[in-house]
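Input: a single structure, listed below in structure tokens.
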Amino acid sequence: MCVGGAKAARSEQEARRLQLRSLQYLERYIYLVLFNAYLHLEKAGSWQRPFSTWMREVSAKAGVYEILNQLGFPELESVEDQPFSRLRCRWQEQSHSPEPSAAGDFL
């Protein structure tokens with residue numbers, strides 16, 4: 003019974019870790035798409051406006067931060083099971099328990 007409880011706790015912890023990791027990958031993908039849009043849209047001006055400024059002036063108006071702050075897989079989980087849907091929660095969790103990144107990953 004004790005072994006089963008530890009295994010369940012471990013698998014629950016693993017599920018939580020994998021959920022966070024999945025959302026981090028999705029978030030990175032969104033930023034890559036946004037950076038690609040920035041490169042194409044700002045090319046005519048020789049990228050005079052930095053990406054961070056472009057994010058505030060262009061992407062924010064399009065609602066990108068709202069999307070990033072509601073990120074999740076709602077068709078796979080209930081609202082109560084989405085602790086990492088908020089951008090702040092994902093970043094706080096990442097800073098509390100940094101794990102070594104796999105080859106090619108950046109966090």
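For what it's worth, our numbering labels the leading residue of the sequence shown as 3, then goes sequentially. Every residue, glycine too, gets a C-beta built ideally from N, C-alpha and C. Keep in mind the model is a prediction, meaning the values are calculated, not measured.
- Using a C-beta cut-off of 8 Å, the segment 35-55 makes no contact with the segment 14-23, since fewer than three inter-stretch Cβ pairs fall below that distance.
- Here residue 70 is actually not in contact with residue 95; their C-beta atoms are around 15 Å apart, not less than 8 Å.
- Note that the C-beta distance between residue 25 and residue 74 is below 8 Å.
- Take residue 40, set aside five residues on each side of it, and the residues of its chain with a beta-carbon closer than 6 Å to its own are 53 and 56, in chain order.
- Taking all protein chains in view, the Cβ of residue 61 is crowded by 16 or more other Cβ atoms within 10 Å, so the residue is classified as buried.
- When the Cα atoms are used, residue 50 and residue 31 turn out to be separated by approximately 24 Å.
- DSSP places residue 47 in the helix class (H, G or I) of the three-state scheme.
- When rounded, the separation of the alpha-carbon atoms in residue 67 and residue 13 is 32 Å.
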